[in-house]
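Structure first, commentary second.
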Amino acid sequence: MSLAPYAVLVRISRLVGPWFFAGVARCIATGYFIFSPKVRESRRLYAIVFPKRSRWFHLWCAFCQYQSFTTIHFDRFLTNDGQLPIFTCEGVEALNERINHGGALLLMSHLGNWEMAARLMMHQGYETPLLLYMGVKEKEGVERRQKEELQQAGVTIIGVDQGAATPFTAVEGLKILRQGGLVSMAGDIIWRQHQRRIPVQVLGHPAFVSEAPFAFALVSGAPIIVFFAFRTGRNCYRLTFSEPIWVISERREDRHQAIAQAAQRYADLLEAALGAHPREWYHFDRFLLDPGDAPDSPDSPGRGFFPG
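This note's numbering puts the first residue of the sequence shown at 18, with every later residue one more than the last.
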């Protein structure tokens, strides 16, 4: 949705009530479900997650996926309208231990509402910088507003251009980590052309994850903490944080193996979360490849944030 219609929707909803926003959003999602060719990929995904269920069930899951995606925008509207979210945390002790003591990499995924997790962390009053890497699209409407609102909440955002790799983006992240701050980025999205990626296994299928967060962890010495934010009700969330994943390699020739092992640990956590919350998977492009597809070498796509 472009920014102008979205702004009109927000204004009307503030006048007549949140139900109007939710209703329009669900109608738009239904339209995408009916006409978008990406629904086929969603059906394929749920056939992998639920191999023993019928095609009609897979189609129903895809419909629920599109409807569930509207809650991201709806809860954002409620939050901006002054209705603060309610949340519970699981495993946050590991994160608290790292704040101002070496920092940590928060590895997010397009499973659940990572945006709300970032907002909730700022509302908690953490007196530490939070840097968020986000992809930059050619035409941004609602996405641009999303970035602006996160920045207003106190999150520092660096846009990752799809066309080029800039080492300065990595330098800024390392600086934050060395200050004991938090750096967050997506592990399940390849934002740039020729970006380094790591082959992993998810649900018995090959997939690629970004090498960047694991390279960050290796160079900075900070651990990776995988987190998810799952919706439990209207503007209510449960945040889960994993145990720290350390990427350590004493020898240069062992770096790729250390990164690959850490990436697979992330993939295992992603697989478990996907199985528990399948309809909150907001990855509408192909992520899981066919078993016969041979993943490329992690070195083959080219340079990422760090040279080999």
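Beta carbons: idealized from backbone N, C-alpha and C, even for Gly.
Look at the Cβ atom of Ala135, then the Cβ atom of Leu149, and state whether they are nearer than 8 Å. yes
Report task. Taking 8 Å as the cut-off, decide whether the C-beta atoms of Ile276 and Ser259 are in contact. Result -> Not a contact, by the Cβ cut-off of 8 Å.
Q.
Quick check for students: name the residue ranges of the beta strand (DSSP E) that lie wholly in the segment 69-135, counting only runs of 3 or more.
A. 103-107 and 121-125
Of the choices Arg43, Arg60 and Thr249, whose alpha-carbon is the least far from that of Ala79? Arg60
Give me the residue from Leu256, Arg255, Thr257 and Gln278 with the minimum Cα distance to Ser266.
Gln278
Next item on the list: Specify, as a first and last residue, the run of the beta strand (DSSP E) that Val236 falls within.
Entry: Note, Val236: premise wrong, no beta strand (DSSP E); alpha helix (DSSP H) at Ala229 to Ser237.
May I ask which residues mark the beginning and end of the beta strand (DSSP E) holding Phe258? Cys253 to Phe258
Using the Cβ count rule (16 or more neighbours within 10 Å means buried), how would you classify Glu132? buried
Taking DSSP as the reference, what is the three-state secondary structure of Leu287? helix
Answer yes if the segment 192-210 comes into contact with the segment 70-89, meaning at least three C-beta pairs across the two stretches below 8 Å, and no otherwise. By the Cβ rule, the segment 70-89 does not count as touching the segment 192-210, because fewer than three pairs are nearer than 8 Å.
**Other residues of its chain near Pro230: CB distance less than 7 Å, five sequence neighbours each side excluded** = Leu122, Leu124, Met202, Gly204 and Ile241
> Roughly how many angstroms separate the alpha carbons of Cys44 and Ile262, rounded to a whole number?
Replying inline: 41 Å
Quiz prompt | Among Arg248, Arg115 and His211, nearest to Thr145 - alpha-carbon criterion | solution = Among Arg248, Arg115 and His211, the Cα nearest to that of Thr145 belongs to Arg115.
Please classify Gln274: does DSSP put it in a helix, a strand, or coil? helix
| message | Measuring alpha carbon to alpha carbon, tell me which residue in Leu306, Leu291 and Asp307 is nearest Phe127. | response | Strictly speaking, residue 127 in this sequence is His, with Phe absent from that position. Checked all of Leu306, Leu291 and Asp307; the closest Cα to His127 is Leu291.
(request) Note down the Cα distance separating Glu155 from Ala187, rounded to an integer number of angstroms. (result) With a pLDDT of 47 at Glu155, under the threshold of 50, the modelled position of that residue is not reliable, and no figure is offered here.
**OP:** Check whether the Cβ atoms of Arg255 and Phe91 lie closer than 8 Å to each other.
**Re:** no
Burial state of Ala293, where buried means 16 or more other Cβ atoms lie within 10 Å: exposed
By the 10 Å Cβ neighbour count, where 16 or more other Cβ atoms means buried, how is Ser71 classified, buried or exposed?
By the 10 Å Cβ count, Ser71 comes out exposed.
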